[in-house]
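For reference, the structure discussed in these notes is given below.
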Amino acid sequence: MRIAKSIFIIIQVNSINFLQIIKRHQIIFYIFFIGVVTRIVPELISYPFPIGYDTINYYIPSISDIENNLYIQKLQIYPILLHFIHTTFGLNPHNSVIVLSVICYGIFSIVIYLWSRKFQLSQTKGLCMT
């Protein structure tokens, strides 16, 4: 009984800390969401067709033929992440490219915002820059 009570207290304390972290960094979550929405809109508009030349000629074939792919043997990170998403979630190669590009765009939005804040721009200017 004591162990169960102590585990419950630890979980309760960790969830309170997690909520405090979310409230403190709420703008980061908003910026990630804005970046994701900005990137996913063109993907949804042109859905059956991939966007970009490199998507058709490089990324989708690299996922489709992963064993014989020279790019994976060179340890380039983007095709490795694409293969990870493809095998983990069982998505087709086109959807794997979409998922990773949307996530990367959200992360890049956060990086641009944090970079602008590092140079002492206001929160509003950093948000506009993002």
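So the sequence shown is numbered by our numbering: it starts at 2 and just counts up by one. Think of the CB as a built atom: it goes at the ideal place given N, C-alpha and C, for glycine as much as any other residue. Note that the coordinates shown come from a computational prediction; the quantities given were computed from them, not determined experimentally.
So, at 7 angstroms on beta carbons, what are the nonlocal neighbours of residue i in its own chain, with the 5 sequence-adjacent residues on each side left out?
i, result
"P43", "I52"
"K119", "none"
"I86", "L92, S97, V100 and L101"
With distances taken between CB atoms, is the gap from residue i to residue j smaller than 8 angstroms?
i, j, result
"S110", "F33", "yes"
"V38", "I61", "no"
"S102", "R40", "yes"
May I ask which residues mark the beginning and end of the alpha helix (DSSP H) holding residue i?
i, result
"Y48", "No alpha helix (DSSP H) holds Y48; DSSP gives it neither H nor E."
"F85", "I78 to F90"
"F109", "P94 to K119"
Once the 5 residues before and after residue i are set aside, which same chain residues still bring their CB inside 6 angstroms of it?
i, result
"H26", "none"
Considering Cα atoms alone, identify which of the options is closest to residue i.
i, options, result
"Y114", "Q21, Y48 and G36", "G36"
"C105", "Y48, I78, S47 and F90", "I78"
Should residue i be flagged as near chain B, meaning a C-beta pair shorter than 8 angstroms?
i, result
"S110", "Annotation note: the requested chain B is absent from the structure, which comprises a single protein chain."
Whose C-beta lies closer than 8 angstroms to the C-beta of residue i among residues of the same chain, with five residues either side of it excluded?
i, result
"L83", "Y60, S63, I64, P94, S97, V98 and L101"
"F90", "S97 and V100"
"I23", "F30"
"M130", "I113, Y114, S117 and L122"
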